[in-house]
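Numbering (the working numbering), first residue to last: 81 to 589.
These notes are about the structure you will find just below.
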Amino acid sequence: MRKHLLALAAMLLVGAAGYAQQAQISGVRKAEFRGVEAIKDKGYYTFYVNEKAKNGMMEFILEIFDLDLNLIKKTPITITRSSKLIGGEFNGQDFLFAFSDFSKSQNTFVTVDQQGNLIKQEVRQNRKLATAGSTAIYPSMDGDGFFVTQSVKEKKWGYSIEKLDRNLLPIWEKTVTNDRGMIAIEAVEAGNGQLVAITAERPNAFSTKVLGKIVSFDGTAGEKKFEQPLFDGKVTGIPSAFLIDKSGNITTAGMYFDGDRWDAVNSDGIFFMKLSSTGEKLAYNTMDWDNGIQNTLKATSRKFSIGSKPKVLFHEIVEDAKGDYQIVAETFRKTVKAGTVLAMAAGGNSASIPWGFTVMDYIIFNYDKMGKPLDVNKIEKPYKSIYVDGSIASLGGVSLAYYLRKYKMFTFDFTTRLQGSDEQVIVYSNFEDATLGKGNPYVGVSSIKMGEASKTTKIPLTKKLSQYTSISPDDAKTGALQSKPGYVCMYHYDKKTQTINLVLEELKM
81 MRKHLLALAA
91 MLLVGAAGYA
101 QQAQISGVRK
111 AEFRGVEAIK
121 DKGYYTFYVN
131 EKAKNGMMEF
141 ILEIFDLDLN
151 LIKKTPITIT
161 RSSKLIGGEF
171 NGQDFLFAFS
181 DFSKSQNTFV
191 TVDQQGNLIK
201 QEVRQNRKLA
211 TAGSTAIYPS
221 MDGDGFFVTQ
231 SVKEKKWGYS
241 IEKLDRNLLP
251 IWEKTVTNDR
261 GMIAIEAVEA
271 GNGQLVAITA
281 ERPNAFSTKV
291 LGKIVSFDGT
301 AGEKKFEQPL
311 FDGKVTGIPS
321 AFLIDKSGNI
331 TTAGMYFDGD
341 RWDAVNSDGI
351 FFMKLSSTGE
361 KLAYNTMDWD
371 NGIQNTLKAT
381 SRKFSIGSKP
391 KVLFHEIVED
401 AKGDYQIVAE
411 TFRKTVKAGT
421 VLAMAAGGNS
431 ASIPWGFTVM
441 DYIIFNYDKM
451 GKPLDVNKIE
461 KPYKSIYVDG
471 SIASLGGVSL
481 AYYLRKYKMF
491 TFDFTTRLQG
501 SDEQVIVYSN
511 FEDATLGKGN
521 PYVGVSSIKM
531 GEASKTTKIP
541 LTKKLSQYTS
551 ISPDDAKTGA
561 LQSKPGYVCM
571 YHYDKKTQTI
581 NLVLEELKM
């Protein structure tokens, strides 16, 4: 009888594990927590540092879950204790993690398959001290490798791009320098067999004059296909969202600044551009805030306004069945803390003094397939305060936009369609109180149908997670992940308990 009861208990435990709707990860320090990511149609993953290893080493942990939050595998990776995480990327098949140990002048690269099995770990010595901190990694998104970029200093300053396979073997490498000064990579996008780099050319390191370009490389062989200047003779575009379709066409959008400026206190408008796979400009449009965007607003029946020339971070470009585009953007502005002003007045190093940004509302820009503006919509929400080091805030241009997006410092999570419907919605994480990022966190679901006012549903942090909520939002991080059809995976990180807590909730309006 006892054996039968034990067998029944074991069966119940297995069954319960198969339907897990909640998970908790403990021992996660805030400094190393980069959020939780979705693996499309398969599950979720997160990574963090655990200092259990000895002899000058520490453990980096990767945890992979299925769509129902069952743990697939917990994979420890041993690295030197002084290593700092460069980044972690997933290309649809495998993971690549990169670490920098400045004291040993070396980088460590590690590949892991989607089941959590270690594929390859390799240590590389930095070629030159001057470029040691410039390494960045990007996924190919075709499941066939990863891209590693780094600044180079030969006779001239430039950059290198290397494509690695899952065993960290080089597929190709390309080095680019500038005869008239220096050139650097600001950001990279990849997909459908292409690598698209946004580059910046300067006469010298301290010059405010920047020539930005979109440079397309063949992702398979590394040959340069074309380059497109971002300065059109009147304005300079700052792209922060890309869509590379199956035909190799590249659609991009972002804010712009008048003249050849790479940054300013306020933006002067927005731009939309579509390039063919060979670099032909298929569509191009600019709208300034004073006339173009305001006139588009007047043509709608909705009554709202947009503040004076905000900066804009473009998150995602969505193409519908007709070939028209919806572009999800979030407005923000730079703010200055009183402590920042006092520190600078006292002669403090501006690079080490934190600067603030206020994240404001969503704006949805709608274009037809030829790049003609059709409609502008606004989704108001409580504002959120974020802070970054002065060294980051001073980057400006594309680098700042991509930094803020990469580290999920804004509220946007993803776009999706509601189950059983063609209605497109955006899903985002925010705090309830409008006093700049305080109060209870929630997940917002807002409709973005063109020509209609948006409707928003707020999913509060569930009771399953609220017990872990810290009083201070500065010590917490909340996010939402695309899950199985009809659901959203909510996660909450709390610094006080050093836990990541995940739970599934129904996604509905």
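A virtual CB, placed ideally from N, CA and C, is assigned to each residue, including glycine.
Please read these numbers as outputs of a predicted model, since none were measured by experiment.
**OP:** Compute the beta-carbon to beta-carbon distance between residue 275 and residue 292, rounded to the nearest angstrom, for a pair I have assumed lies under 8 Å.
**Re:** Not quite, the Cβ-Cβ distance comes to about 17 Å (not below 8 Å), so this is no contact.
Original post:
Nearest to residue 306 by CA position, among 261, 312, 297, 351, is which residue?
Top reply: 297
Original post:
Per DSSP, what kind of secondary structure is residue 590 in: helix, strand or coil?
Top reply: The structure shown does not extend to residue 590, since the chain spans only 81 to 589, so no value can be given for it.
Original post:
In the structure shown, what three-state DSSP assignment does residue 588 receive?
Top reply: coil
Subject >> Where the alpha helix (DSSP H) containing residue 485 begins and where it ends >> reply: 477 to 486
**OP:** Mind listing, in chain order, the continuous beta strand (DSSP E) runs of no fewer than 3 residues lying wholly within the region 305 to 353?
**Re:** 315 to 324, 330 to 338
Original post:
From residue 480 to residue 237, what distance separates their C-alpha atoms?
Top reply: 21 Å
**OP:** Look up residue 156 in the DSSP assignment and give the residues it is bridged to.
**Re:** 141
Subject >> residue 243 and residue 302 closer than 8 Å at C-beta >> reply: yes
Original post:
Buried or exposed: where does residue 572 fall if 16 or more other Cβ atoms within 10 Å of its Cβ makes it buried?
Top reply: buried
Original post:
Exposed or buried, which one is residue 102 when buried takes at least 16 other CB atoms within 10 Å?
Top reply: exposed
**OP:** Would you mind working out which of 471, 365, 166 sits nearest residue 335, comparing C-alpha positions?
**Re:** 365
Original post:
Just to confirm, are residue 399 and residue 405 a CB contact at a threshold of 8 Å?
Top reply: yes
**OP:** Could you pull out every unbroken beta strand (DSSP E) segment of at least 3 residues lying fully inside the region 220 to 268, listed in chain order?
**Re:** 226 to 233, 237 to 244, 250 to 257
Original post:
When burial is assigned at 16 or more other CB atoms within 10 Å of the CB, is residue 313 buried or exposed?
Top reply: exposed
**OP:** Keeping to the same chain, check which residues put their C-beta closer than 7 Å to that of residue 256; ignore five residues upstream and five downstream.
**Re:** 238, 239, 263
Subject >> Option in 250, 329, 372 with minimal Cα separation from residue 353 >> reply: 329
Subject >> Those residues which DSSP pairs with residue 496 across a bridge >> reply: 505
Subject >> Boundaries of the alpha helix (DSSP H) in which residue 470 is found, first to last residue >> reply: 470 to 473
Original post:
Using the rule of at least 16 other Cβ atoms within 10 Å of the residue's Cβ for burial, across every protein chain shown, is residue 269 buried or exposed?
Top reply: buried
**OP:** Take the Cβ of residue 206 as the centre, count every other Cβ of all protein chains shown within 10 Å, and call the residue buried at 16 or more, exposed below.
**Re:** buried
**OP:** Please classify residue 521: is it buried, with 16 or more other beta-carbons within 10 angstroms of its beta-carbon, or exposed?
**Re:** buried
Original post:
By how many angstroms is the C-alpha of residue 449 removed from the C-alpha of residue 402?
Top reply: 8 Å
Subject >> Cross-strand partners of residue 205 (DSSP beta bridge) >> reply: 186
Original post:
What distance in whole Å lies between the Cβ atoms of residue 439 and residue 464, which are believed to be in contact at a cut-off of 8 Å?
Top reply: 4 Å
**OP:** Note down the Cα distance separating residue 258 from residue 277, rounded to an integer number of angstroms.
**Re:** 15 Å
Original post:
Going straight from the alpha carbon of residue 130 to that of residue 446, what length do you get?
Top reply: 45 Å
**OP:** Use the C-beta contact count for residue 422: other C-beta atoms within 10 angstroms, 16 or more gives buried, fewer gives exposed.
**Re:** Confidence in residue 422 is poor, its pLDDT being 45 and thus under 50, which makes the residue's placement unreliable; the coordinate value appears in the next sentence. Exposed: under 16 other Cβ atoms inside 10 Å.
Original post:
Does DSSP put residue 112 in a helix, a strand or coil?
Top reply: helix
**OP:** With DSSP collapsed to three states, give me the class of residue 558.
**Re:** strand
Original post:
Is residue 360 buried or exposed, if buried means 16 or more other CB atoms sit within 10 Å of its CB?
Top reply: exposed
Subject >> Reduced DSSP category for residue 358 - H, G, I as helix; E, B as strand; rest coil >> reply: coil
Subject >> Same chain, Cβ closer than 6 Å to residue 370, neighbours up to 5 away in sequence not counted >> reply: none
Original post:
Is the shortest distance between the beta-carbon of residue 343 and the beta-carbons of chain C less than 8 Å?
Top reply: Given the protein chain composition of this structure (a single chain), no chain C is represented.
Subject >> Separation of residue 528 from residue 484, as counted between CA atoms >> reply: 23 Å
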